[in-house]
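Protein chains: 2
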Amino acid sequence: MATTDKASPRERLLDAATELFYRDGVSIGVEALCKSAGVSKRSMYQLFDSKDEVLAASLERRASGYAARIAAGVDDAGTPRERILYIFEQVEKVSVEPGFMGCPFLAALVELKDPEHPASVVARAAKERMQDAFRVQGELGGAREPELLARQLMLVFDGANARAGAKLETLDGLTLETVTTLLDAGGVA
Amino acid sequence: MATTDKASPRERLLDAATELFYRDGVSIGVEALCKSAGVSKRSMYQLFDSKDEVLAASLERRASGYAARIAAGVDDAGTPRERILYIFEQVEKVSVEPGFMGCPFLAALVELKDPEHPASVVARAAKERMQDAFRVQGELGGAREPELLARQLMLVFDGANARAGAKLETLDGLTLETVTTLLDAGGVA
DNA sequence: CCAAGAGGAAACCGATCGGTGTACAAGCTT
DNA sequence: AAGCTTGTACACCGATCGGTTTCCTCTTGG
Numbered sequence: 062m063a064t065t066d067k068a069s070p071r072e073r074l075l076d077a078a079t080e081l082f083y084r085d086g087v088s089i090g091v092e093a094l095c096k097s098a099g100v101s102k103r104s105m106y107q108l109f110d111s112k113d114e115v116l117a118a119s120l121e122r123r124a125s126g127y128a129a130r131i132a133a134g135v136d137d138a139g140t141p142r143e144r145i146l147y148i149f150e151q152v153e154k155v156s157v158e159p160g161f162m163g164c165p166f167l168a169a170l171v172e173l174k175d176p177e178h179p180a181s182v183v184a185r186a187a188k189e190r191m192q193d194a195f196r197v198q199g200e201l202g203g204a205r206e207p208e209l210l211a212r213q214l215m216l217v218f219d220g221a222n223a224r225a226g227a228k229l230e231t232l233d234g235l236t237l238e239t240v241t242t243l244l245d246a247g248g249v250a
Numbered sequence: 062m063a064t065t066d067k068a069s070p071r072e073r074l075l076d077a078a079t080e081l082f083y084r085d086g087v088s089i090g091v092e093a094l095c096k097s098a099g100v101s102k103r104s105m106y107q108l109f110d111s112k113d114e115v116l117a118a119s120l121e122r123r124a125s126g127y128a129a130r131i132a133a134g135v136d137d138a139g140t141p142r143e144r145i146l147y148i149f150e151q152v153e154k155v156s157v158e159p160g161f162m163g164c165p166f167l168a169a170l171v172e173l174k175d176p177e178h179p180a181s182v183v184a185r186a187a188k189e190r191m192q193d194a195f196r197v198q199g200e201l202g203g204a205r206e207p208e209l210l211a212r213q214l215m216l217v218f219d220g221a222n223a224r225a226g227a228k229l230e231t232l233d234g235l236t237l238e239t240v241t242t243l244l245d246a247g248g249v250a
């Protein structure tokens with residue numbers, strides 16, 4: 062009932078999974094998940110092999126959404142430097158919203174310690190896609206070492222997400238300032 | 062049986078808790094914890110009010126150990142810049158060890174989403190102590206904005222820990238290079 | 001109008017969760 | 001030796017875990 066009510070059971074499950082796994086962690090029970098989705102456990106286990114697969118699928122869908130938006134934004138107006146900074150503006154913006162708890166992919170990787178877990182594989186792939194996007198923008202911007210720059214940006218990105226999500230930091234310009242320093246030092250116009 | 066066998070039940074419990082909560086996450090059961098510590102559940106609940114308190118106490122002890130080492134290292138040989146870089150050398154070194162899973166305090170904060178959880182309070186205090194240490198070194202090193210620098214260093218520190226712990230990054234100089242850039246830009250000699 | 005499948009409600013499975021209660025065996029101190 | 005604390009062993013509690021099964025009610029195509 063927290064999500065769309067007219068969608069297919071599969072969509073409703075993924076919606077609920079996205080929200081509950083993020084808010085309450087991967088230890089949320091199948092019972093609560095199905096109840097929130099308005100779907101019977103029986104249906105869930107017909108659509109997915111296990112709870113773990115539901116989690117993996119929900120992360121996969123989230124990652125696809127991000128990838129689509131990033132791909133669409135590649136030829137947006139602005140310089141590569143502006144596009145990189147825009148990402149961190151968005152991070153700072155969402156980080157102050159009420160339910161913010163950091164990057165969902167990183168959270169999943171931390172919670173399920175197993176790097177071979179299906180959801181871990183999906184999450185890692187999503188993070189790598191983002192790093193690739195940073196590297197591409199670095200190349201376009203004339204970075205001396207685009208790969209190094211991309212790894213540095215991911216460091217800041219994940220650090221900011223983790224610290225803001227854990228209520229250790231409020232950002233408010235911190236990542237912008239830091240990223241600017243790194244872009245300057247890296248030779249990005 | 063994995064830890065010292067001649068210590069007090071309390072110490073054995075904290076030893077086991079430190080290891081198991083880090084390796085398997087906060088969802089490790091009381092049964093497994095006590096068995097690993099060689100302590101009966103009855104004793105555990107006489108020494109601690111709840112499993113959550115055991116977790117908080119184990120983090121507290123770990124934080125005290127770190128604080129002692131940092132306090133001892135403040136008047137070590139070397140410049141503030143060297144002392145800051147030394148911390149990140151250590152991070153890069155332990156990050157390649159087999160059982161490494163990132164910063165235990167950050168992991169606890171991510172897993173227990175509740176910022177009011179007793180263990181969360183302990184973990185956050187530990188992180189703040191570290192940020193203070195960075196700021197002090199920044200002041201000693203002549204940083205233009207010591208507080209900003211400390212926050213940036215924590216961003217890199219936590220980002221590196223999270224990413225290396227999640228097997229997303231291998232570091233190998235990445236943090237040293239990044240921190241050097243930030244120290245240069247921040248005016249630390 | 002009726003058959004067939006989809007999907008929901010809920011009982012049920014064994015296992016485990018955090019936490020207690022009880023009984024008993026050591027080591028102290030006096 | 002008596003009495004006390006300390007700690008263990010273990011059964012037990014209700015709740016919940018992930019997952020399965022049964023039953024029944026809808027919708028929909030023919």
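Line order of the protein sequences matches chains A and B.
When we follow the numbering used here, the leftmost residue of the first sequence carries the number 62, and every step to the right adds one.
When we follow the numbering used here, the leftmost residue of the second sequence carries the number 62, and every step to the right adds one.
Where a beta carbon is used, it is the ideal one built from N, C-alpha and C, also for glycine.
Query, Result
"Checking contacts by CB at 9 Å: is residue 220 of chain B closer than that to chain A?", "yes"
"Helix, strand or coil for residue 173 of chain B per DSSP?", "coil"
"Using the Cα positions of residue 139 of chain A and residue 129 of chain B, report the straight-line distance between them to the nearest angstrom.", "49 Å"
"Please specify which runs of the alpha helix (DSSP H), each continuous and at least 4 residues long, are wholly inside the segment 209-241 of chain B, giving them in chain order.", "none"
"If the cut is a Cβ gap below 9 Å, which residues of chain A does residue 113 of chain B touch?", "What residue 113 of chain B touches in chain A: nothing, since even the nearest Cβ is about 14 Å away."
"Excluding the five sequence neighbours on either side, which residues of its own chain have a C-beta within less than 8 Å of the C-beta of residue 212 of chain B, listed in chain order?", "192"
"Could you check where the alpha helix (DSSP H) with residue 85 of chain A kicks off and where it finishes?", "70-85"
"Quick check: is the beta carbon of residue 140 of chain A nearer than 9 Å to any beta carbon in chain B?", "no"
"Alpha carbon to alpha carbon, how far is residue 204 of chain B from residue 210 of chain B? Give it in angstroms, no decimals.", "7 Å"
"Quick check: what's the CA-CA separation for residue 166 of chain A versus residue 186 of chain A?", "9 Å"
"Using a C-beta to C-beta distance shorter than 9 Å, which residues of chain B count as neighbours of residue 205 of chain A?", "Per Cβ cutoff of 9 Å: no residues; residue 205 of chain A is ~12 Å from chain B at best."
"Could you check whether the Cβ of residue 176 of chain A sits closer than 9 Å to any Cβ belonging to chain B?", "yes"
"For residue 216 of chain B versus residue 239 of chain A, is the C-beta distance shorter than 9 Å?", "yes"
"Quick check on residue 105 of chain B: does DSSP put it in helix, strand or coil?", "helix"
"Among B:77, B:131, B:113, B:70, which has the Cα closest to the Cα of residue 190 of chain B?", "B:131"
"Smallest Cα separation from residue 107 of chain B: which of B:83, B:89, B:74?", "B:74"
"Is residue 188 of chain B close to chain A, meaning its C-beta is less than 9 Å from at least one C-beta of that chain?", "yes"
"For the alpha helix (DSSP H) that residue 88 of chain B lies in, which residues bound it at each end?", "Per DSSP, residue 88 of chain B belongs to no alpha helix (DSSP H) and is neither H nor E."
"Where does residue 249 of chain B sit, in a helix, a strand or coil, going by DSSP?", "coil"
"Which value, in whole angstroms, describes the spacing of the CA atoms of residue 105 of chain A and residue 119 of chain A?", "13 Å"
"Which residues, in chain order, does the segment 157-170 of chain B contribute to contact with chain A at a C-beta distance below 8 Å?", "162, 163, 167, 168, 170"
"Residue 163 of chain A and residue 227 of chain A: beta carbons closer than 9 Å?", "yes"
"Whose Cβ in chain B lies nearer than 8 Å to the Cβ of residue 86 of chain A?", "172, 174"
"Looking only at its own chain, which residues have a Cβ that is under 8 Å from the Cβ of residue 65 of chain A, when we skip the five neighbours before and after it?", "Unreliable placement is indicated for residue 65 of chain A, whose pLDDT of 47 sits below 50; no coordinate value is reported for it."
"Buried or exposed: which applies to residue 219 of chain B, given that a residue is buried once 16 or more other Cβ atoms fall within 10 Å of its Cβ?", "buried"
"Under a three-way DSSP split, which group does residue 95 of chain A fall into?", "helix"
"Do you know how far the Cα of residue 199 of chain B is from the Cα of residue 229 of chain A?", "20 Å"
"Would residue 207 of chain B be called buried (16 or more neighbouring beta carbons within 10 Å of its own) or exposed?", "buried"
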